[in-house]
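Counting from -16, one number per residue, gives the positions in the sequence shown under the working numbering.
All residues carry an ideal CB built from backbone N, CA and C; glycine is no exception.
First up is the structure itself, then whatever we jot down about it.
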Amino acid sequence: MYPDEHIQTLRQPRQIARLLEQLHAERGQLTLVTDSGRLEKVANLLSVDSGRRIMVIDAFDGAEGAVFERAGGILVKTVIDRIQTWFNLPGVTRLHERGDYYYHLPFPDVLYRLQRRGAFRVRPPAGLHAQALMQTPCRRRTLRGLIHDISVTGVCFRFSREEIGYFAVGVCFDHVQILCDCHLDVHVRVEVVNLREEGEQSILVGMRFVDLPPDAERAIDRVVQSIQREMLVMP
């Protein structure tokens, strides 16, 4: 649907709960799509219970309701803080309370967000020292790579070709430190989304951020905007 490097993946339960609470505070809506993609319905988000980790919407009537209740899976789409957001659910549960019918939707385990501003990736200027220190999943070795480009949704690192064996699409690195002379020092989690060769000596490893903490996102955003401004004034 979108390039993987433009998608932010959230798995932290507290982050997911906070965003769903924000959606409810904004009087947001959910668009539910059946696994077949043949039926799509919009519903107001009536309540969010972070303690029980459920959302409540009005149940759909008649044949349409029956289709959703029999669906093997449901895609849920919405917009939170002007950012397209979506997640998947195994199904819906119809409940009867005080004379009305509702659907209880469980909080998702994974929530995806399309960061539009993240589509603009910047390369650090030649004179700027930007690197990453990354522990391998087994934590037996620390890899050192240079930042090829970066955005608030992901980063591309340049590594020695000899280190290609440490990377594969889908592999997650939980301990990554990104350092830059422009006052950037953040610790992040990343997932490999693509690999490609760069000449005979190097490889480029594209990664997206996973559960990026808000303070790290702000710090990276400041750097991206700063480099972007410098690019605009360059002759």
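Residue i: first and last residue of the uninterrupted beta strand (DSSP E) it sits in
i: Leu97; result: Leu94 to Leu97
i: Val23; result: Reading off the sequence, residue 23 comes out as Glu, not Val. Taken as a continuous stretch (DSSP letters only), the beta strand (DSSP E) holding Glu23 covers Glu23 to Asn27.
i: Ser33; result: Looking at the DSSP string, Ser33 is not in any beta strand (DSSP E), and its letter there is neither H nor E.
i: Phe70; result: Ile66 to Leu72
i: Ile57; result: Ile57 to Ile63
i: Ile221; result: The structure shown does not extend to residue 221, since the chain is modelled only from -16 to 218, so the question has no answer here.
i: Leu111; result: Taken as a continuous stretch (DSSP letters only), Leu111 belongs to no beta strand (DSSP E), as it is neither H nor E.
i: Val16; result: Gln12 to Thr17
According to DSSP, residues forming a beta bridge with residue i
i: Ile40; result: Tyr86
i: Asp164; result: None, per the DSSP bridge assignment.
i: His170; result: Gln160
i: Cys121; result: Partner(s): none; Cys121 has no beta bridge.
i: Thr136; result: DSSP lists no partner for Thr136.
i: His79; result: Tyr84
i: Glu180; result: Ile186
i: Ile203; result: Looking at the DSSP assignment, Ile203 forms no beta bridge with any residue, so it has no partner.
i: Val175; result: Met190
i: Arg141; result: Leu129 and Leu187
i: Leu116; result: Arg127 and Gln160
C-alpha gap between residue i and residue j, whole angstroms
i: Phe140; j: Gly189; result: 7 Å
i: Asp132; j: Pro120; result: 23 Å
i: Leu2; j: Ile63; result: 7 Å
i: Pro81; j: Trp69; result: According to the sequence shown, residue 81 is Arg rather than Pro. So the alpha carbons of these two residues sit roughly 30 Å apart.
i: Leu(-7); j: Pro91; result: 10 Å
i: Gln211; j: Gln114; result: 19 Å
i: Arg36; j: Glu4; result: 11 Å
i: Leu187; j: Arg144; result: 9 Å
i: Leu88; j: Ala49; result: 16 Å
i: Val59; j: Ser33; result: 18 Å
i: Leu167; j: Gly110; result: 15 Å
i: Asp198; j: Val171; result: 11 Å
i: Arg104; j: Ala42; result: 42 Å
i: Arg191; j: Val173; result: 5 Å
i: Thr76; j: Tyr86; result: 5 Å
i: Gly182; j: Ile161; result: 24 Å
i: His158; j: Thr136; result: 17 Å
i: Ala0; j: Pro73; result: 18 Å
i: Cys163; j: Asp194; result: 21 Å
i: Pro108; j: Met38; result: 46 Å
i: Ile40; j: Gly11; result: 11 Å
i: Val31; j: Glu23; result: 22 Å
i: Tyr84; j: Leu78; result: 6 Å
i: Arg(-3); j: Arg96; result: 16 Å
i: Gly101; j: Val93; result: Residue placement at Gly101 is poorly supported in this model, since its pLDDT is 44, which falls under 50; the coordinates still yield a value, given next. Computed Cα separation, rounded: 19 Å.
i: Met217; j: Glu180; result: Per-residue confidence for Met217 stands at a pLDDT of 45, beneath the threshold of 50, marking its modelled position as unreliable; the derived number appears in the next sentence. Taking the straight line joining both Cα atoms gives about 29 Å.
Residue interval of the alpha helix (DSSP H) (run including residue i)
i: Ile(-1); result: Pro(-4) to Ala8
i: Val50; result: Gly45 to Arg53
Closer than 6 Å: residue i CB and nearest the ligand FMN heavy atom
i: Asp132; result: Ligands are entirely absent from the displayed structure, and the ligand FMN is therefore not among its contents.
Inset, instruction - Count the C-beta pairs between the region 1 to 18 and the region 49 to 64 that are closer than 8 Å, then say yes if the count reaches three, no if not. - result: Taking a cut-off of 8 Å for Cβ pairs, the region 1 to 18 and the region 49 to 64 touch, as three or more such pairs fall below it.
Legend entry - Stretch pair the region 144 to 160 + the region 203 to 210: three plus CB contacts closer than 8 Å: No, the region 144 to 160 does not touch the region 203 to 210.
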